[in-house]
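Some notes on the structure that comes next.
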Amino acid sequence: MSKVARAQLAVILGGVALLELLTRAGVIGRLTMIPPSEMAAHLGIMLEAGELNAPMTQTFANVAIAFALAVSIGCLAGVAIHRLPRLRRLADPLLASYYAVPFFVFYPLLIAMLGLNRWPLIAIGFAFAVAAMMIATLNGLDRVPRVLRKVARVHRLGRAEEMFLVILPAA
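Numbering (the working numbering), first residue to last: 35 to 205.
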């Protein structure tokens, strides 16, 4: 373990120990936070009893759905934005400032629109991830050397062939 990793671990353990002392001494009330040792003990009991299996499965499924939607739609949108210069000029400032908006403020609105179920959470996960996928796709496509595009034209590749055989592997 490196010196930096040991220092980071010491800071984390020190913070947990400080929280333990403050909660045990009553500085932090039990209604605010229980001691970390009790949290860990109850977590072990709940994991052993299987009480968290269904919620964890639901959470992982929500993450997988949001991820799949964000990757597929983000990649397609990134390719479309890259292909259309006017759309690129419109989208660049929006993508640059995208994360300035706190999406969790839209959670009550999403609940009203989608209901009190898993879909508002999936929508928020999608909203956070789709912009990252679009930005990553645009960055990858921007870094494809022009000479590769010229080689594709020399070989008379169609747009789809150029995209799948030259640009995407190089991106």
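C-beta atoms are modelled at their ideal positions from N, C-alpha and C, and glycine is treated no differently. Since the structure is predicted, the reported quantities are computational estimates derived from the model, not experimental observations.
| Asked | Found |
| --- | --- |
| Straight-line CA distance for R183 to A146? | 48 angstroms |
| Figure out for me which residue from S131, V50 and G108 has the closest Cα to the Cα of S71. | V50 |
| Do G112 and M168 count as a contact pair if the criterion is CB distance below 7 angstroms? | yes |
| Please list the terminal residues of the continuous alpha helix (DSSP H) segment that includes E196. | R193 to E196 |
| Using the C-alpha atoms, what's the distance from T66 back to A59? | 13 angstroms |
| Can you tell me whether DSSP reads H189 as helix, strand or coil? | coil |
| Could you spell out the range, first to last residue, of the alpha helix (DSSP H) harbouring S106? | N87 to R117 |
| For R177, name the three-state secondary structure that DSSP assigns. | coil |
| How big is the Cα-Cα spacing for A104 and A161? | 8 angstroms |
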